[in-house]
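J.:
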Amino acid sequence: MSGYDGSMGGKPLLAKRYRVVRAGDGWRVEVNGCFTRPVSDRKAAHRMARKLQRESDHLLHRRPTGAVQ
Numbered sequence: 203m204s205g206y207d208g209s210m211g212g213k214p215l216l217a218k219r220y221r222v223v224r225a226g227d228g229w230r231v232e233v234n235g236c237f238t239r240p241v242s243d244r245k246a247a248h249r250m251a252r253k254l255q256r257e258s259d260h261l262l263h264r265r266p267t268g269a270v271q
């Protein structure tokens, strides 16, 4: 195609990694330096992180990344 440089590829998107961290007021889910509101139950925070990770992977058309750190 005229004016198209076939050697240029798209910039790869890095998968987001959600993780659960301890905060003074409970547990929070963190990604790229941003945190959710505090959750008192650690298991609930892990469920939230897994759900967010699945949604992120789906939006990026990736396979599920598995365990959340």
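Numbering (our numbering), first residue to last: 203 to 271. Using N, Cα and C, we set each Cβ at its ideal position, and we do this for glycine too.
1. So, does the stretch 238 to 246 touch the stretch 257 to 264, judging by three or more C-beta pairs under 8 Å?
2. According to DSSP, residue 257 sits in a beta bridge with which residue or residues?
3. Within a Cβ cutoff of 7 Å, which residues of the same chain sit near residue 228, ignoring the five residues on either side of it in sequence?
4. Going by beta carbon distance, what residues of the same chain come within less than 6 Å of residue 223, once the five residues before and after it are set aside?
5. Given this structure, state the Cα-to-Cα distance separating residue 220 from residue 255, to the nearest angstrom.
T.: Straight from the coordinates:
1. no
2. Partner(s): none; residue 257 has no beta bridge.
3. 240, 241, 242
4. 230, 232
5. 6 Å
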